[in-house]
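In this note's numbering, the protein residues as written are 172 to 621. Every residue gets a Cβ at the ideal spot worked out from N, C-alpha and C, and that includes glycine. Being a predicted model, the structure only gives us computed values, none of them experimental. For reference, the structure is listed below as structure tokens.
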Ligand code: SF4
């Protein structure tokens with residue numbers, strides 16, 4: 172065992188036309204941070220998406236980060252030049268988060284690290300990854316830099332060629348990072364590294380963030396469904412779950428120690444096998460009398476919304492309920508994996524309303540801009556959701572390399588999806604056609620409002 176190494180963790184900027192803080196925290200990076208801290212490493216986090224640094228309010232040209240309910244809100248944003256491959260789009264492009272100067276000041280304040288870990292999320296946000304790596308390399312040119320996260324997993328080759336990182340980790344990072352850091356820092360941790368299990372992982376190190384409005388939690392990883400457009404099994408090949416009582420322990424800890432009242436579930440399959448997972452978890456939350464509000468930005472499986480589950484969600488304090496319907500068209504539903512059986516959406520809505528939710532509080536995700544999709548199909552789905560009193564939310568399709576739908580996306584997209592991840596950006600409607608373009612998308616958005 173030598174001196175404890177210093178590790179700098181970086182949550183990079185978002186570069187996009189639009190972005191909102193809907194319970195977005197770098198959970199994967201914070202999970203690794205919890206693990207590394209337990210192994211004895213010294214950690215510092217540089218969060219480019221910090222919205223709480225008061226100096227930001229005084230910077231000319233930066234748009235404010237208005238905060239909204241339940242811990243959500245806007246990020247600070249600065250207009251930046253569009254990359255050349257996006258010049259054809261007549262929209263403003265932004266860097267969301269702190270300024271470059273603040274980033275550099277924080278690097279100057281930091282002790283020289285023994286390694287830098289950078290996370291990544293959407294594939295089309297890679298310019299923020301590149302820029303943060305470029306600046307780190309300017310300051311600490313001889314410090315090994317490791318990139319992980321979603322972009323590094325789904326577009327590994329692109330990241331190897333373009334990110335500037337010295338090492339790329341793809342897939343779940345816990346075991347890989349322990350081994351790599353031992354090699355890079357020649358440090359022998361206090362506990363020997365071994366295969367990490369979900370229930371033995373330390374809790375995410377949310378306390379490294381400058382200020383906590385809410386936490387996010389993953390009570391499971393992966394999803395047993397295999398919807399052809401989804402990356403869940405590429406990111407988490409096995410569906411595994413935590414012990415529900417251990418999850419309640421974690422929620423109680425954050426509530427009591429940091430007064431957290433808003434919790435967003437990042438799970439892909441939260442309701443699966445409810446009697447063994449969500450029901451005991453929520454019963455435990457109520458038994459401990461934890462006054463927290465829950466939010467489900469990832470969407471809940473409609474098939475899991477029995478009357479018993481809906482009642483448990485309502486009584487436990489679920490405030491943001493989003494359902495993954497994807498389409499109201501039976502044929503399309505079959506093509507997408509048939510996870511919503513005919514009649515299941517109506518039953519789920521009945522159960523939610525019976526349990527106490529107001530229909531207009533219930534948001535329903537509808538996929539839009541799928542390869543070959545007709546806008547009338549989406550319009551029909553919007554009307555179906557509205558007929559039930561719920562709110563439709565359009566989820567524009569983003570093509571994801573490695574998914575079953577990827578080849579279909581390649582064959583119909585007018586953009587070079589293979590070589591330029593910027594074109595995966597769902598707001599561009601990457602699989603648009605002459606029948607379904609941005610004009611039709613605007614009309615559908617209008618239909619959602621009325
Ligand atoms: S059910 Fe949801 S998380 Fe699971 S594979 Fe389908 S889209 Fe992905």
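Measuring CA to CA, which of the options is closest to residue i?
{"i": "residue 702", "options": "252, 297, 253", "result": "The question about residue 702 has no answer here: the residues shown for the chain are numbered 172 through 621."}
{"i": "residue 481", "options": "522, 512, 501, 491", "result": "522"}
{"i": "residue 200", "options": "252, 190, 214", "result": "214"}
{"i": "residue 585", "options": "576, 575, 604", "result": "604"}
{"i": "residue 258", "options": "594, 612, 615", "result": "594"}
{"i": "residue 381", "options": "607, 233, 182", "result": "182"}
{"i": "residue 276", "options": "289, 288, 290, 309", "result": "309"}
{"i": "residue 228", "options": "212, 211, 247", "result": "247"}
{"i": "residue 548", "options": "573, 501, 520, 531", "result": "501"}
{"i": "residue 496", "options": "490, 574, 473, 479", "result": "473"}
{"i": "residue 240", "options": "554, 490, 311", "result": "490"}
{"i": "residue 254", "options": "295, 323, 375, 483", "result": "295"}
{"i": "residue 583", "options": "444, 231, 602", "result": "602"}
{"i": "residue 188", "options": "232, 250, 203, 590", "result": "250"}
{"i": "residue 461", "options": "447, 427, 445", "result": "427"}
{"i": "residue 211", "options": "448, 442, 553, 356", "result": "356"}
{"i": "residue 464", "options": "304, 434, 479", "result": "434"}
{"i": "residue 506", "options": "232, 191, 600, 401", "result": "401"}
{"i": "residue 552", "options": "531, 516, 587, 575", "result": "516"}
{"i": "residue 263", "options": "606, 190, 410", "result": "190"}
For residue i, count neighbouring C-beta atoms within 10 Å of its own C-beta (all shown protein chains included) and say buried if the count is 16 or more, exposed if not.
{"i": "residue 416", "result": "exposed"}
{"i": "residue 320", "result": "buried"}
{"i": "residue 252", "result": "exposed"}
{"i": "residue 371", "result": "exposed"}
{"i": "residue 503", "result": "buried"}
{"i": "residue 284", "result": "buried"}
{"i": "residue 412", "result": "buried"}
{"i": "residue 469", "result": "buried"}
{"i": "residue 368", "result": "exposed"}
{"i": "residue 312", "result": "exposed"}
{"i": "residue 232", "result": "exposed"}
{"i": "residue 446", "result": "exposed"}
{"i": "residue 499", "result": "buried"}
Which class does residue i belong to by DSSP, given the choice of helix, strand or coil?
{"i": "residue 625", "result": "Nothing about residue 625 can be reported from this structure: the residues present for the chain run from 172 to 621 only."}
{"i": "residue 188", "result": "coil"}
{"i": "residue 286", "result": "strand"}
{"i": "residue 310", "result": "helix"}
{"i": "residue 521", "result": "helix"}
{"i": "residue 494", "result": "strand"}
{"i": "residue 171", "result": "Residue 171 falls outside the range modelled here, since the chain spans only 172 to 621, and no answer is possible."}
{"i": "residue 459", "result": "coil"}
{"i": "residue 591", "result": "coil"}
{"i": "residue 435", "result": "strand"}
{"i": "residue 596", "result": "coil"}
{"i": "residue 580", "result": "helix"}
{"i": "residue 391", "result": "strand"}
{"i": "residue 443", "result": "coil"}
{"i": "residue 559", "result": "coil"}
{"i": "residue 218", "result": "strand"}
{"i": "residue 535", "result": "strand"}
{"i": "residue 567", "result": "strand"}
Between which residues of its own chain and residue i is the CB-CB distance below 6 Å, once the five residues before and five after are set aside?
{"i": "residue 238", "result": "244"}
{"i": "residue 209", "result": "373"}
{"i": "residue 520", "result": "559"}
{"i": "residue 534", "result": "493, 562, 564"}
{"i": "residue 569", "result": "595, 597"}
{"i": "residue 407", "result": "392, 393"}
{"i": "residue 197", "result": "182, 290"}
{"i": "residue 418", "result": "390, 452"}
{"i": "residue 348", "result": "203"}
Between which residues of its own chain and residue i is the CB-CB distance below 7 Å, once the five residues before and five after are set aside?
{"i": "residue 485", "result": "526, 527, 528"}
{"i": "residue 572", "result": "325, 326"}
{"i": "residue 383", "result": "377, 429, 431"}
{"i": "residue 282", "result": "177"}
{"i": "residue 234", "result": "247, 248"}
Got a sec? Which residues, its chain only, sit under 8 Å from residue i by beta carbon, not counting five neighbours each side?
{"i": "residue 478", "result": "522, 525, 526"}
- Does the segment 421–434 touch the segment 452–463, meaning 3 or more C-beta pairs lie closer than 8 Å? Contact holds: three or more Cβ-Cβ distances are below 8 Å.
- Task: Would you check if the segment 506–514 and the segment 393–407 touch, i.e. whether three or more CB-CB distances between them fall below 8 Å?
- Result: Yes: the two stretches touch, three or more of their Cβ pairs being nearer than 8 Å.
- contact_flag[the segment 533–543, the segment 574–592] where n(CB pairs < 8 Å) is 3 or more: The answer is yes - the segment 574–592 touches the segment 533–543, with three or more Cβ pairs under 8 Å.
- Would the segment 260–275 and the segment 218–226 be scored as touching if the rule is three or more Cβ pairs under 8 Å? The segment 260–275 makes contact with the segment 218–226: 3 or more CB pairs, one atom from each, lie closer than 8 Å.
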